[in-house]
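UniProt numbering puts the first residue of the sequence shown at 1, with every later residue one more than the last.
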Amino acid sequence: MTDRKQVDDDLPLLEQMLSDHQQAGSIYQTTNYWADKNARLVEYLRTHGLVNFRTPSRDPADPRRVFTSFGATDDEPQLSPDAMMKLLQRHSGGSPARDVRFMPASKVGGPLGFMFRGRFYTTSWLNYYLRYVYVSRFINLSRKVIIEIGPGSGKQAHLLKLAHPNCTIVVLDIPPQSYVANQYLSAVLGDDLIGYDKTRNFSSAADFIPGKVHVLCNWQIEIIRNFKFDLLWNAASFQEMEPDVVRHYLKACSKASNVYLMETMTGQTVAPSAGEHGVLKPTTFETYRSALKNYELQDMFAAPLATPIHPINYHYVDSFWSRRSPKS
């Protein structure tokens, strides 16, 4: 099931982000894992734009498949609508999270999905919901300030905003992912989004507007240093960076009261050499534990998916960390 409504292109904004990125420090440049993928993504965006960017491609040679690499596409469900919702209930039962039946997915960008009781959903959307379910077991996100590093296309921020309209959300990513998130969130949130055209000029966390979603680029994390906020969120992103980069981001966000991570704790595939697929050095559980030495690990559990069969080599783990109380 698709929809004709599309996400607007804004190539001058994309070029502005890319130009600004070139001026950022070396720690903020694209890591080995993303170098080739992002070069292909930029070329695709310049040539084809974002039309139907959420529609998955079956053709291995289709350059549009690069959108799948950061969770932007939405494929057809593996089960019937009733079975999908029963599976979701099995994973989310007992959670204080808001009921997903009141948070349908958007159809912009041509996603594939299904209808359930008059509302539209996608498998990807339900996976993002399950991450929210996990976090909700530890913290009520109402009126909280959430900073997400590596939001991909922005669907998690969209879902959190639907669940808790009064929360304040800041998402940071490298371009061109930050561009895709900016355009998607602009389409689905309207005036509730503060886009990069405005946040580019932010000089401190005091510029954040309560109750809004803000799109920043990764080097702007510098304005968050010494900013106290409720939750740092990273899902399947830190593992695609080298340990020194991850430690840099975690140090910049060291005033977070809580941290949610969904990662492969044994680390990402190591590249045979620079420029080939993989990371140059793996980020593992030990990286997080040492960087979060002022935090208590509250829980760590195998991350579920809204699918009956998990992909081969799926080893993602949810974890929740809370800042230790200062010793008296």
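Ideal Cβ placement from N, Cα and C applies to all residues, glycine included.
Being a predicted model, the structure only gives us computed values, none of them experimental.
**Request:** Quick one: give me the first and last residue of the alpha helix (DSSP H) that Ser124 is part of.
**Result:** Thr123 to Ser136
**Residues that Thr168 bridges to, as DSSP identifies them** = Under DSSP, the beta-bridge partners assigned to Thr168 are Val145.
**Prompt:** Buried or exposed: where does Leu11 fall if 16 or more other Cβ atoms within 10 Å of its Cβ makes it buried?
**Reply:** exposed
**Message:** What does DSSP give as the partner residue(s) for Asp173 in the beta ladder?
**Reply:** Cys217
**Asked** Where does Met1 fall in DSSP's three states?
**Response** For Met1, the predicted structure reports a pLDDT of 37, less than 50, and the residue's modelled location is therefore unreliable. A value from the coordinates is still provided. DSSP, read as helix, strand or coil, puts Met1 in coil.
**Message:** Buried or exposed for Ser328, going by 16 or more other Cβ atoms inside 10 Å?
**Reply:** Unreliable positioning characterises Ser328 in this predicted model, as indicated by a pLDDT of 47, which lies under 50. The coordinate reading is nonetheless provided below. That one is exposed.
**Prompt:** Under 7 angstroms, do Val66 and Leu41 count as touching if we go by C-beta distance?
**Reply:** yes
**Prompt:** Would you report the Cα separation of Phe114 and Pro77, rounded to the nearest angstrom?
**Reply:** 7 angstroms
**Asked** Is Ala235 near Met262, with beta carbons less than 7 angstroms apart?
**Response** yes
**Request:** Please classify Ala274: is it buried, with 16 or more other beta-carbons within 10 angstroms of its beta-carbon, or exposed?
**Result:** Exposed, since its Cβ has fewer than 16 Cβ neighbours within 10 Å.
**Message:** To the nearest angstrom, how far is the alpha carbon of Asp299 from that of Ser203?
**Reply:** 35 angstroms
**Request:** Measure from the alpha carbon of Val213 to the alpha carbon of each residue in Val188, Asn226 and Ser237, then state which is nearest.
**Result:** Val188
**Prompt:** Nearest-angstrom Cα distance between His310 and Ala206?
**Reply:** Approximately 42 angstroms, taken between the alpha carbons.
**Asked** With 16 other CB atoms within 10 Å as the buried threshold, where does Gln89 fall?
**Response** exposed
**Message:** Less than 7 angstroms between the C-beta atoms of Val279 and Tyr28, yes or no?
**Reply:** no
**Message:** One question on the structure: do Leu141 and His164 come within less than 7 angstroms of each other, judged by their Cβ atoms?
**Reply:** yes
**Asked** In whole angstroms, what separates the C-alpha of Asp122 from that of Ala35?
**Response** Note that residue 122 is Thr in the sequence shown, not Asp. Cα-Cα distance, rounded: 29 angstroms.
**Request:** On the DSSP bridge assignment, give the partners of Thr264 in chain order.
**Result:** Tyr316
**Prompt:** Hey, quick one: how far does the beta strand (DSSP E) through Gln298 stretch, first residue to last?
**Reply:** Element bounds for Gln298: Tyr295 to Ala302.
**Item:** Rounded straight-line distance, which links the Cα of Val51 to that of Lys5
**Value:** 9 angstroms
**Prompt:** Under a CB-based cut-off of 7 angstroms, is Ala97 close to chain B?
**Reply:** Chain labels in this structure do not include chain B; a single protein chain is all it has.
**Request:** In angstroms with no decimal places, state the Cα-to-Cα distance between Ala271 and Met241.
**Result:** Going by the C-alpha atoms only, they are around 12 angstroms apart.
**Asked** Between the region 173-192 and the region 243-262, do three or more beta carbon pairs fall short of 8 angstroms?
**Response** no
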